[in-house]
Amino acid sequence: MLDVRHCATLAEAAGLLAGDRHALLIGGGTLVMRDVNEGRLTDGTLVRVSDPAFRQVNAGGARIELGAGVTMAMVLASRELGFLHAPARSIGGPAVRNMATIGGNLFAACPYGDFTVALLALEAQVVVQSGYGSGRAMPLEDFLAARDRGGIGLVTAVQFARPQNPADLRFRKVSRVKPKGIAVLSIAAHLPLAGGRVAQPRIAYGAMAPTPIRARAVERVLEGKPLDAAAIQAARQAALEGCRPATDAIASEWYRREILPVHLARLLAGEAP
Ligand SMILES: Cc1cc2nc3c(=O)[nH]c(=O)nc-3n(C[C@H](O)[C@H](O)[C@H](O)COP(=O)(O)OP(=O)(O)OC[C@H]3O[C@@H](n4cnc5c(N)ncnc54)[C@H](O)[C@@H]3O)c2cc1C
1 MLDVRHCATL AEAAGLLAGD RHALLIGGGT LVMRDVNEGR LTDGTLVRVS DPAFRQVNAG
61 GARIELGAGV TMAMVLASRE LGFLHAPARS IGGPAVRNMA TIGGNLFAAC PYGDFTVALL
121 ALEAQVVVQS GYGSGRAMPL EDFLAARDRG GIGLVTAVQF ARPQNPADLR FRKVSRVKPK
181 GIAVLSIAAH LPLAGGRVAQ PRIAYGAMAP TPIRARAVER VLEGKPLDAA AIQAARQAAL
241 EGCRPATDAI ASEWYRREIL PVHLARLLAG EAP
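So the sequence shown is residues 1 to 273, counted in the working numbering.
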């Protein structure tokens, strides 16, 4: 049987999750409720959190913190988060975006997880609270490596530095159905420029591996280069290093490998999606 517990504080929810391996946090519920409605989830405890900190947006300064319960619609309503509007808008339709949370997106299985791809390019930290203790921040990349082993606990927030220039963050999602399609792949690129050259670029892919991944080979070839045709060609050649895309109902592995370098080059060239 399914039980629902309402928690007024993050600590209470984290304690419940730590003490019961059949307990599951419900964020917006766009994935959890699908499992309930379709009979895949029939037992355990669904944990709801009403702590205002869970839906807090602190986006006024250079360091941004977003509660894990912040929805895609809330991101879209924030002018200070304009650089994240493209990935937030890429998720589902308006009804899904009204419910879908940042925390849930961190757990969404491939080929979902488009917002997480943007967070990876921003080198976000994930704040995790296990039990009643205080939360600890861990790099998103480490979180994703550990995620599918389970037992993570409660994600309370994500933190990242505001890009110096909103246009430094670029995002592209390729889908067969527009505007609400599931990703064939997605790419986020944080491309700060210093003296006309790319400085510490961070590139992330969605649907090119079991979890969103960094494209370190591309980052290496772009470092210190002007974003010209030669650099883009080098990036294109390095694009597939580290990729392990799946064949699924959306696209084959072959197709994903074929189109990723093309779309990466277009993104770097600043072409409209
Ligand atoms: C029609 C439809 C279209 C969709 N389109 C897209 C899309 O285009 N792109 C995309 O990326 N996704 C898409 N999704 C998937 C999903 O809506 C999003 O990934 C969303 O962000 C998930 O968030 P949620 O709050 O609804 O997650 P939930 O369903 O609440 O939770 C999902 C999982 O994450 C866990 N979880 C959630 N929050 C936390 C937390 N704070 N701490 C610990 N565990 C947590 C839950 O226990 C559960 O295991 C779609 C879903 C539907 C139904």
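Beta carbons: idealized from backbone N, C-alpha and C, even for Gly.
{"Check": "Please return the same chain residues whose Cβ sits closer than 6 Å to the Cβ of Val174, not counting the five positions on each side in sequence.", "Outcome": "Val184, Leu185 and His263"}
{"Check": "Which same chain residues, not among the five before or five after Leu144, have their C-beta less than 7 Å away from its C-beta?", "Outcome": "Thr211 and Pro212"}
{"Check": "Scan the region 67-134 and note each continuous beta strand (DSSP E) run of 3 residues or more that stays entirely inside, going in chain order.", "Outcome": "125-129"}
{"Check": "Using the beta-carbon count (16 or more within 10 Å), is Leu2 buried or exposed?", "Outcome": "exposed"}
{"Check": "Suppose contacts are defined by Cβ-Cβ distances below 7 Å. Is Gly103 in contact with Val128 by that definition?", "Outcome": "no"}
{"Check": "With which residues is Asp35 paired in a DSSP beta bridge?", "Outcome": "Answer is none; Asp35 lacks a bridge partner."}
{"Check": "Going by beta carbon distance, what residues of the same chain come within less than 8 Å of Ala209, once the five residues before and after it are set aside?", "Outcome": "Cys110, Gly242, Cys243, Arg244 and Pro245"}
{"Check": "Roughly how many angstroms lie between the CA atoms of Tyr205 and Ala215, to the nearest whole one?", "Outcome": "7 Å"}
{"Check": "Run the CB neighbour count on Gly270, radius 10 Å, all protein chains shown included, and call it buried at 16 or more, exposed below.", "Outcome": "exposed"}
{"Check": "Rounded to whole angstroms, what is the Cα-Cα separation between Thr9 and His22?", "Outcome": "20 Å"}
{"Check": "Ends of the beta strand (DSSP E) at Arg172?", "Outcome": "Leu169 to Ser175"}
{"Check": "Alpha carbons only, please: which of Ala207, Ala194, Thr247 and Ile187 is nearest the one belonging to Val218?", "Outcome": "Ile187"}
{"Check": "Quick one: measure Cβ to Cβ for Phe171 and Pro87, integer angstroms, because I've assumed they're closer than 8 Å.", "Outcome": "5 Å"}
{"Check": "Can you give me the start and stop residues for the alpha helix (DSSP H) that Pro52 sits inside?", "Outcome": "Note, Pro52: premise wrong, no alpha helix (DSSP H); not H, not E."}
{"Check": "Look at Leu193 and Phe83 and say whether their C-beta atoms are less than 7 Å apart.", "Outcome": "no"}
{"Check": "Restricting to runs no shorter than 4 residues, where is the alpha helix (DSSP H) found entirely within the region 168-231?", "Outcome": "216-222"}
{"Check": "For Ala68, which of Gln125, Ala95, Glu258 and Ala199 has the nearest alpha-carbon?", "Outcome": "Gln125"}
{"Check": "Write down the C-beta distance between Ala73 and Asn98 rounded to the nearest angstrom, noting that I regard them as a contact closer than 8 Å.", "Outcome": "5 Å"}
{"Check": "Would you mind sorting His190 into buried or exposed? The rule is 16 or more other CB atoms within 10 Å of its CB.", "Outcome": "buried"}
{"Check": "Decide if Ala108 is buried, meaning its Cβ has at least 16 other Cβ atoms within 10 Å, or exposed.", "Outcome": "buried"}
{"Check": "Evaluate Pro201 with the Cβ neighbour count: other Cβ atoms within 10 Å of its Cβ, from every protein chain shown; 16 or more gives buried, anything less gives exposed.", "Outcome": "buried"}
{"Check": "Taking all protein chains shown into account, do 16 or more other C-beta atoms lie within 10 angstroms of the C-beta of Thr42, making it buried, or fewer, making it exposed?", "Outcome": "exposed"}
{"Check": "To the nearest angstrom, how far is the alpha carbon of Ala238 from that of Ala231?", "Outcome": "11 Å"}
{"Check": "State buried or exposed for Gly195, treating a residue as buried only when at least 16 other CB atoms are found within 10 Å of its CB.", "Outcome": "exposed"}
{"Check": "If you follow the alpha helix (DSSP H) that Pro261 is part of, which residue opens it and which one closes it?", "Outcome": "Glu253 to Leu268"}
{"Check": "Ordered along the chain, which non-local residues of its own chain (more than five positions away) have a Cβ less than 7 Å from that of Arg197?", "Outcome": "Gly224, Lys225 and Pro226"}
{"Check": "At a cut-off of 6 Å, would you count Val155 as near ligand 1, judging by its Cβ distance to the nearest heavy atom?", "Outcome": "yes"}
{"Check": "Three Cβ pairs or more, each shorter than 8 Å: is that satisfied between the region 10-19 and the region 153-163?", "Outcome": "yes"}
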